[in-house]
Amino acid sequence: MTSSPFMARPTTVSMVMLKVLGALLPGIALYAWFYGAGMLVQIALASISALAAEAAMLKARGQPIGFFLKDGSALVTAWLLALSMPPLGAWWMIVVATLFAIVIAKQLYGGLGNNPFNPAMVGFAVMIVAFPAQMAQWGSAGAHLSAGDQLAYIFTRALPPGVDAIASATPLDHLKTQLTLGASVGDTLAEPVYGHLAGAGGEWIALAYLAGALFLWRKRLIPWQTPLAMLAGVAALALPLWLVDPAHFANPLFHVFAGATMLGAAFIVTDPVTGPTTPRGRLIFGFSVGVLVYVIRVFGGFPDSVAFAVLIMNIAVPFIDQATRPPAFGAKKGGRA
Amino acid sequence: MRVLHAFHGGVHPPENKAQSTGTPIATAPIPPRLFVPMSQSLGNAALPCVKTGDEVLKGQKIGEADGRLSAAVHAPTSGKIVDIAPHAYAHPSGLAELCVVIEPDGLDAWGERKPLADWQALPAADVRAFLADMGVVGLGGAVFPTHLKLSAPSLDTLVINGAECEPFISCDDMLMRERAADVVAGITIVATLMRPKEILIGIEDNKPEAIAAMREACKGNHFEVVTVPTIYPSGGAKQLIRRLTGKEVPHGTRSTDMGVQCFNVATVYTVERAIEHGEPVTSRIVTLTGDVERPHNVEALIGTPMNFLIDYAGRRTGVSEVLMGGPMMGFALPDEDAGVTKASNCLIARSPALLPDRPPAMPCIRCGDCASACPAELQPMDLYWFAKAKNFGKAQEWKLFDCIECGACSYVCPSQIPLVDYYRFAKGEIWGAERDKKAADRARARHEFRQYRVERDKEEKAQRLAERAAAKDLAAPSSQSTLPADDAKAAAIRAAMERAANATSANVAAPTLSDDAKKAAIEAAMARAAARKAEKQAGETQRSANVTQPAAPAGMDDAKKAAIQAALERAAARKAEKQAADTQEQGSANRVKPAGPATMDDAKKAAIQVAMERAAARKAVREAQDAGQKDKNRR
Ligand code: SF4
Ligand code: SF4
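First to last, the sequence lines map onto chains A and B. The opening position of the first sequence corresponds to residue 1 in my numbering, with each subsequent residue numbered one higher. The opening position of the second sequence corresponds to residue 338 in my numbering, with each subsequent residue numbered one higher.
Below, the structure written as structure tokens:
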């Protein structure tokens, strides 16, 4: 390095990714607490597949393997994907999803920094389109299988004697079904499976994600615009509709805490690679994702829709960036002097 | 309290200033040889006005300013000129520059020092000329000649830059601490010359001693010392102006257009030394820091070899290179033999332990950190992308040239991409392309002109032949006698025009760069002036109705000659016409066989020819002007 600047902030991509993984830990811990150790198995499976896929692809592309594996971005993808998938899903599902995420959505686009779509969300979306039934089987928080039984179930789909079903629909799914059956939102949400807000345990996990996001924001690793705008986007439709017709529309807090909303706001829309770079662009992007999440959830065909909302808005990112490029210093409209 | 205005972005690298502020400014010893570069300003290098073998005294002028943007250079100490030759120069390019090499006699004896005693009474232009002659330039690093910055029609705010935001550098800090009174006296001079409504001295809040010293020295006048937050690059002129006044100076605009002018503290100090003490700029304060035993500030003579200074401060083992300037915007000296210039504010002995190499770059992850750090409010990751893809048009559209190369983006990038290098590369490529295009344009213009000339010559020749044939047919004695004369004239005009055209096209095609357009413009202006003068003269000639043809004065230039000739011909033609008419009248009156028509035709023809040639000449002049104008515009 013989040209300036001769100083550099000692931040590296690996450190950024490590901190993101760290920020996920509280959420993961609570997840495992409420849903069982199966979650950890999913994370392990995803991590191994992601690193293997990344290494193989880097080798095929003639890239330095160790140099890129160190960056940690594959692990972030793997963990986010694992957290989005059913915790007791079959082992091959998470593996296939991860391979899709790393091989197709990331490496075939040129690897780190070059993928237009959020890899974890691509992996998730592929699975939910291809295997809707399996993806809908969520291990309910009440099914307290032992860790060993969970493990066995993930790998062999064999249930311990005496247990004939552990899978249940997600809270969002259940609400949707109940609404089509003519039940009111109030009655449905009063069922014990919903806990305080949006699924027993779910709201705590969401709060843990929120804490992780605050940590990342404090470390200046994520901006405040995208997460806040996404939550605002969800609430922007949820609030008026709920006020007008509370029997048919769940309250905004439910939508903010249900499903993958908080995970999405904290860790998915904040993915720098696939999001806009300008502050205004981040507001637009986050808000649009939030609105889409609500629209698809409530009026569309999928119970949870963070992945689709994010992927749809990923398409728009180049346009958003272009349209929101701020004027250069001294070139403000009307002069800022 | 003054309301401060935020500027966008900025970073806060570790300051590393404390190392060099522990001891007062020392005087660096006189080295065995001084290499004084003649290039000490933004403009042309000074022209040496001494020769090898001359004895000089300290402060004696050894280089004469060459042009408006240039400033004079003076002997930093007394001694003997032992050489005037290219020598290593403090520039990233590593190219040698003309230096006057002085062998000091060790006496450091001043020549005559003539302060500008009554400067308040003198016209400002004289004071400015004096400063140019004293070699006063911006010591902040840009070495912009100070006299040029002093002429603003009206000024709201005079900003004195004591921010010194780059890490490691402390020369301005120490100057303000130790010589605040002189600095303030310098500010007084600048303020008197520029008459601003307010005077603000901006100092970063990491220099409490300097702030206190300056506050103390400012007592009793209306200068305001303003503490600004420590954030890089608040010492950038535009950022400081924004911080203090809220005004944003857009790229390509001078701050004076917005009623603000900015001077570095070290510069106003040298203004004071020059005017009050008659001392030209022969030394400057240099921070010696980094991997040296005794980091401190020295007052070093201009021309002192850099390695001499680093050794003086105690070079440690492991020093891999020496940086001039700060770590954010400075550069590694290609040759440490280079002499201190007026821009040498800081020398950092760099070892990999102190300022480690940048780790290998990762791909951009579009985190946008660079954009939030950019004080020019650009999108560095986009510029990087365009530069990398060699999409220079897009890069320019995305305001590449607004980039001040502050390095804030490279500093923050988590992927450790050397962003500024890409911008330097792109700018270089664009400048190169611009140069090539200019050359190509010139070549094309020259080619087109030649084509035009060949065509015209052909036509003229054909016309001439036709005329001659017609004349022969008529076989009138008068026409017989006039034709050769006409031909000669026409040939002369043509030759003149050709010469003029060659002169312009040769100029246009001259390979040297920046000056050609100027030269062409000047040439065009001269041609225009000459043409005007010639026309005027021609007009006079006409008015005096001289029938006899005056010999064109020797040495008169061709354009003039041509114009005069044309005018004469016009006059002659008119006269001939009149005569012809007269003859006709007489003829009709006297019933003499009319000899008129032939004469008349000839005269008319001649007149037409002259008119055509005049038009062609005018066109040629216009084209030359256009070419000049175009070149000027392109600059
Ligand atoms: S800071 Fe570096 S990685 Fe981040 S957007 Fe800028 S260039 Fe890309
Ligand atoms: S170097 Fe240029 S692009 Fe980078 S931060 Fe400074 S002004 Fe902005």
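For every residue, glycine included, the Cβ atom is placed at its ideal position computed from N, Cα and C.
Query	Result
For the alpha helix (DSSP H) holding E546 of chain B, just list the boundary residues, first then last.	545-554
What's the C-alpha gap between R405 of chain B and V480 of chain B?	13 Å
How far does the alpha helix (DSSP H) with A238 of chain A in it extend, from its first residue to its last?	225-244
Can you name, in chain order, every residue of its own chain whose Cβ lies under 7 Å from the Cβ of L530 of chain B, other than the five neighbours on each side?	A461, V464, L487
Closer than 7 Å by beta-carbon distance: list the chain B residues that pair up with N114 of chain A, in chain order.	P700
Return the chain-ordered list of same chain residues with a C-beta closer than 7 Å to the C-beta of N314 of chain A, the five sequence neighbours on each side being excluded.	P116, F117, N118, T274
Given the structure, does S184 of chain A come close to ligand 1, in the sense that its CB is under 7 Å from one of the ligand's heavy atoms?	no
Which bits of chain A does L660 of chain B rub up against, with CB to CB less than 7 Å?	F6
Taking 8 Å as the threshold (beta carbon to beta carbon), is V76 of chain A in contact with chain B?	no
Of all the CB atoms in chain B, is at least one closer than 8 Å to the CB of R280 of chain A?	no
Give a yes or no on whether the C-beta atoms belonging to V667 of chain B and A690 of chain B are separated by under 8 Å.	The question names Val, but residue 667 of chain B is Gly in the sequence shown. Taking 8 Å as the Cβ cut-off, G667 of chain B and A690 of chain B do not qualify as a contacting pair.
Going straight from the alpha carbon of G56 of chain A to that of G66 of chain A, what length do you get?	In the sequence on display, residue 56 of chain A carries Ala and not Gly. Each residue's alpha carbon lies about 11 Å from the other.
Please classify K809 of chain B as buried or exposed, where buried requires at least 16 other C-beta atoms within 10 Å of its C-beta.	exposed
Does the CB of Q753 of chain B have a neighbour CB from chain A at under 8 Å?	yes
For F6 of chain A, which residues of its own chain have a beta-carbon under 8 Å away from its beta-carbon, when the five flanking residues on both sides are left out?	none
Beta-carbon separation of V605 of chain B and K679 of chain B under 8 Å?	no
Any C-beta of chain B sitting closer than 8 Å to the C-beta of P326 of chain A?	yes
Does the separation of the CB atoms of M15 of chain A and S73 of chain A fall below 8 Å?	no
What would DSSP say about D672 of chain B, mapped onto helix, strand or coil?	coil
How is Q377 of chain B classed by DSSP in three states: helix, strand or coil?	coil
A713 of chain B touches chain A at which residues, Cβ-Cβ below 8 Å?	A328, F329
Please report whether the beta-carbon of P226 of chain A lies at a distance below 8 Å from any beta-carbon of chain B.	Going by the sequence as given, residue 226 of chain A is Thr instead of Pro. Not closer than 8 Å to any Cβ of chain B, the Cβ of T226 of chain A fails to qualify, so no.
For P272 of chain A, go through chain B and note every residue whose CB falls closer than 8 Å to its CB, in chain order.	I702, R703, C704, G705
Whose C-alpha, out of B:P441, B:P429, B:G627, is nearest the C-alpha of A412 of chain B?	B:P441
Which same chain residues end up closer than 7 Å to I320 of chain A when comparing Cβ atoms and leaving out the 5 residues on each side of it in sequence?	P276, G281, I284, F285
Does S288 of chain A have its Cβ less than 8 Å from a Cβ in chain B?	no
Counting along the chain, where does the alpha helix (DSSP H) carrying R579 of chain B start and finish?	574-582
Can you look up M531 of chain B in the DSSP assignment and give me helix, strand or coil?	helix
Just to confirm the assignment, what range does the alpha helix (DSSP H) spanning D420 of chain B have?	Unbroken run through D420 of chain B is the beta strand (DSSP E), 416-424; no alpha helix (DSSP H).
Counting C-beta neighbours from all protein chains within 10 Å, is the total for T626 of chain B 16 or more, i.e. buried, or is it exposed?	buried
Along chain B, which residues have their Cβ under 7 Å away from the Cβ of V16 of chain A?	P751
Note down, in chain order, every chain A residue with its Cβ under 8 Å from the Cβ of V586 of chain B.	G330
Regarding T277 of chain A and ligand 1, is the C-beta to nearest heavy atom distance less than 7 Å?	yes
Quick check: the segment 499-516 of chain B against the segment 354-373 of chain B, are there 3 or more CB pairs under 8 Å?	yes
Counting only C-beta atoms, is G111 of chain A closer than 8 Å to chain B at any point?	yes
With distances taken Cα to Cα, identify the nearest neighbour of T389 of chain B among B:A383, B:G416, B:Y748.	B:G416
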